[in-house]
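These notes concern the structure reproduced below.
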Amino acid sequence: MSRSLPALGVAFLFLGLPGAGAQLPAPPPNATIWFAHDERAIELLEENPAVTRRMVDRLVMAVTRQPDVAHAWASLVTPADRVGIKVSTAGGRYLSSHRGVVEAIVAGLADAGIPRAHIFLWDRNSADLRAAGFTADHGWPTVRAIDPPRGFDRAAKFTAPVIGKLIWGDLLFEEKKRKPGKPINEADQLSSASHLASILTREVTKIINVPVLCDESGCGVAGALYNVTVPNIDNWRRFTQLEGAAASSIAELYADERIGPRVVLHLMDGLLAQYAGGPRFAPHYTFAHATLYASRDPVALDANASRLIDAWRKQVHLPPLGRRVEWLQAAAQMGLGQFEESRIELRNVAP
Numbered sequence: 134m135s136r137s138l139p140a141l142g143v144a145f146l147f148l149g150l151p152g153a154g155a156q157l158p159a160p161p162p163n164a165t166i167w168f169a170h171d172e173r174a175i176e177l178l179e180e181n182p183a184v185t186r187r188m189v190d191r192l193v194m195a196v197t198r199q200p201d202v203a204h205a206w207a208s209l210v211t212p213a214d215r216v217g218i219k220v221s222t223a224g225g226r227y228l229s230s231h232r233g234v235v236e237a238i239v240a241g242l243a244d245a246g247i248p249r250a251h252i253f254l255w256d257r258n259s260a261d262l263r264a265a266g267f268t269a270d271h272g273w274p275t276v277r278a279i280d281p282p283r284g285f286d287r288a289a290k291f292t293a294p295v296i297g298k299l300i301w302g303d304l305l306f307e308e309k310k311r312k313p314g315k316p317i318n319e320a321d322q323l324s325s326a327s328h329l330a331s332i333l334t335r336e337v338t339k340i341i342n343v344p345v346l347c348d349e350s351g352c353g354v355a356g357a358l359y360n361v362t363v364p365n366i367d368n369w370r371r372f373t374q375l376e377g378a379a380a381s382s383i384a385e386l387y388a389d390e391r392i393g394p395r396v397v398l399h400l401m402d403g404l405l406a407q408y409a410g411g412p413r414f415a416p417h418y419t420f421a422h423a424t425l426y427a428s429r430d431p432v433a434l435d436a437n438a439s440r441l442i443d444a445w446r447k448q449v450h451l452p453p454l455g456r457r458v459e460w461l462q463a464a465a466q467m468g469l470g471q472f473e474e475s476r477i478e479l480r481n482v483a484p
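Below is the structure:
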């Protein structure tokens, strides 16, 4: 891990998102990204949860403009909600949503009167959750995994024009493979459909999204939009292809009433930042950034992350993300948030 890269200014946004089934509102003409930076938050790859707890508390109060933590969280969720915390665990122990950050969110929800039985955290795979330290014996509220293929909802289909090849873990892979009386060929395993996780369609009413600040080899940024969409569907590889505009379907998926309108907060974990080799942990491209971001505008948040990643890549003579992040502009054109740097304001919630 290198500390030579500078802690560049970072940003966060928030757009008010209504309850399940509602339409996403038009973004305001300008976006605000709140960030908290504290060098004590991460040392030798290890988080200081006492520090990150204070950072999370300051961020949620700033975003909601509430005087204390309890009122801040209560302005986002109610005791009647089923609150799902979507963590990112593909990066293993180090490049995942940090446990202290998630603990601070859970504690804040409890302060707001949300019953512990109404709080759960989830990601795609049980093995990744365990590797990141999210296990039942840790004292967490319910820890859930989609664990493909059983965790997908057959009735919740998302269709996009780009074709993907089904593999094990996709809901229809084994079904198509066993068609009686018909020889199997490659065309049988091509599909333009994905299925949403049952967690999204049957359980969660409000979502707190906790992505990491990381690149992605296909769609450029494994950030806010990516974290709450791609890990929550099958036949997902087609959306992270290098060729064409496949990634623009990520924005369309986020706009689905079962995802975007339920997200009340995006809190990007940038305690460690990775600018190449993601979303899996690549230590030679990772450094201590010691910063958290909070927003309701996932486009602005990811646009800001992409500019940071490009700046860090330039310092080590790696090519820019380039066309891989053009889909973020399409997301802005769909009305999901702000992309232009001139329309994004960065605000520091200093101690």
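Using the numbering used here, the first residue of the sequence shown is number 134, and each one after it goes up by one. Yeah, the Cβ is synthetic: ideal placement off N, Cα and C, and Gly gets one too. Owing to the predicted nature of the structure, the values given are computational and were not obtained by experimental measurement.
Asked                                                                                                                                                                     : Found
Drop a sphere of 10 angstroms on the beta-carbon of S475, count the other beta-carbons inside from all chains shown, and report buried for 16 or more, exposed for fewer. : exposed
Helix, strand or coil for M467? Go by DSSP, reduced to three states.                                                                                                      : coil
Okay, do the segment 271-284 and the segment 327-337 touch, 3+ Cβ pairs below 8 angstroms being the bar?                                                                  : yes
Between which residues of its own chain and I392 is the CB-CB distance below 7 angstroms, once the five residues before and five after are set aside?                     : L333, V361, T362, L386
Using 8 angstroms as the Cβ pair cut-off and three pairs as the minimum, do the segment 165-176 and the segment 463-482 touch?                                            : yes
So Q407 is in the beta strand (DSSP E); what residue range does that whole segment cover?                                                                                 : 396-407
Could you tell me the alpha carbon to alpha carbon distance between F76 and T373, rounded to whole angstroms?                                                             : Because residue 76 is not part of the residues shown, which for the chain are 134 to 484, the question remains open.
Can you tell me where the beta strand (DSSP E) holding L299 begins and where it ends?                                                                                     : Counting along the chain, L299 falls outside any beta strand (DSSP E), and DSSP gives it neither H nor E.
At what residues does the beta strand (DSSP E) containing H422 begin and finish?                                                                                          : 419-428
Go to A166, then tell me how far its beta strand (DSSP E) extends in each direction, as first and last residue.                                                           : Note that residue 166 is Ile in the sequence shown here, rather than Ala. 164-170 is the extent of the beta strand (DSSP E) around I166.
Would you call the CB atoms of V189 and A174 closer than 7 angstroms?                                                                                                     : no
Ignoring anything shorter than 3 residues or poking outside the segment 204-272, list the beta strand (DSSP E) runs there in chain order.                                 : 216-220, 252-256
Spatial neighbours of E236 within its chain, please: C-beta separation below 8 angstroms, excluding the five flanking residues on both sides.                             : P182, R186
Quick check on DSSP: helix, strand or coil for P274?                                                                                                                      : coil
Taking 7 angstroms as the threshold (C-beta atoms), are V210 and G339 in contact?                                                                                         : According to the sequence as given, residue 339 is Lys; it is not Gly. Their beta carbons are under 7 angstroms apart, which means K339 touches V210 by this criterion.
So for G353, helix, strand or coil by DSSP?                                                                                                                               : strand
Looking at the secondary structure, which residues open and close the beta strand (DSSP E) in which V343 lies?                                                            : 339-343
Assign V449 to one of two classes, buried (16 or more other C-beta atoms within 10 Å of its C-beta) or exposed (fewer than that).                                         : exposed
Count the other CB atoms within 10 Å of the CB of G455; is the residue buried (16 or more) or exposed (fewer)?                                                            : exposed
So for N368, helix, strand or coil by DSSP?                                                                                                                               : coil
Since L386 sits in a beta bridge, which residues does DSSP pair it with?                                                                                                  : Its beta-bridge partners do not exist; DSSP assigns none.
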